[in-house]
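Engineer: Below you will find the structure I want to go over with you.
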């Protein structure tokens, strides 16, 4: 087992987008969306964005053999629906390797933060559909 050798690859601009969904009871999601559920950790959605951003920057510490890279941009959007919160990330960097793991780890951490901060308010919360939406690289 070893890290993939990327030393022969060129540094190019890379971008990845990912998504995760968290199912919450309708009443709870309405309270969270309205900013009515704020605990000692802070507002749920703002804390989730912070957690996702930090996770993207620390991906190589969480995923074995994942290359450390300098994340140049990490945007996380929280999109509340009636019973589902959709969390989307977009991560970009100039790198020899892709940033898809950073984008995926960002939405996973943000979703788990929503779960953690809401678990005392509901019997059933489901994190689902963690998926890569897009990855691109542009040379030059």
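Residue numbers (our numbering): 170 to 309. The beta-carbon is built from N, C-alpha and C at its ideal position, and this holds for glycine as well.
Does residue 274 come out as helix, strand or coil in the three-state DSSP assignment?
Structural biologist: DSSP places residue 274 in helix when its eight states are reduced to three.
Engineer: Go ahead and pull the three-state DSSP assignment for residue 218.
Structural biologist: Three-state result, residue 218: helix.
Engineer: For residue 174 and residue 287, I'd like the C-alpha separation in whole angstroms.
Structural biologist: Approximately 41 Å, taken between the alpha carbons.
Engineer: Measuring straight from C-alpha to C-alpha, what distance separates residue 184 and residue 279?
Structural biologist: Answer to the nearest angstrom: the Cα atoms are 19 Å apart.
Engineer: Residue 243 to residue 258, Cα distance in whole Å?
Structural biologist: Cα to Cα, the separation comes out at about 7 Å.
Engineer: With distances taken from CA atoms, which of 307, 202, 283 is nearest residue 297?
Structural biologist: Selected option, being the one with the closest Cα: 283.
Engineer: Measure the C-alpha to C-alpha separation of residue 178 and residue 308 and round it to an integer number of angstroms.
Structural biologist: Going by the C-alpha atoms only, they are around 11 Å apart.
Engineer: Out of 289, 295, 267, which one is the CA nearest neighbour of residue 303?
Structural biologist: Taking only the C-alpha atoms, the option nearest residue 303 is 267.
Engineer: Quick one: grab the DSSP three-state call for residue 283.
Structural biologist: DSSP places residue 283 in helix when its eight states are reduced to three.
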